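With positions in the sequence shown counted from 1, the corresponding number in our numbering is that position plus 1.
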Amino acid sequence: MEEAVEAEGQSAVALVVELMDHAPERVPDVFDALRRRNAEELRALTVRHLAPL
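This is the structure in structure tokens:
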């Protein structure tokens, strides 16, 4: 379980770093999803905003 939480946190950090470069207006959405601990929403943000790059 601890590894899953750590991996989720690392994924979120990587997502924020990428979004800061490509879609800074979406960064607050990442923090909202983290606050709600919504991994599915984080994945959707990743796909929606970073996949086209």
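C-beta atoms are modelled at their ideal positions from N, C-alpha and C, and glycine is treated no differently. Note that this is a predicted model, so its numbers are computed, not measured.
Cβ shell of residue i (< 8 Å), same chain only, five flanking positions each side left out
| i | result |
| --- | --- |
| LEU43 | GLU9, SER12, ALA13, LEU16, VAL31, ALA34 and LEU35 |
Nonlocal neighbours in the same chain, by C-beta distance under 6 Å from residue i, ignoring five residues either side
| i | result |
| --- | --- |
| THR47 | LEU16 |
Straight-line Cα distance separating residue j from residue i
| i | j | result |
| --- | --- | --- |
| ASP22 | GLU41 | 22 Å |
| ALA24 | ALA45 | 14 Å |
| PRO29 | LEU20 | 10 Å |
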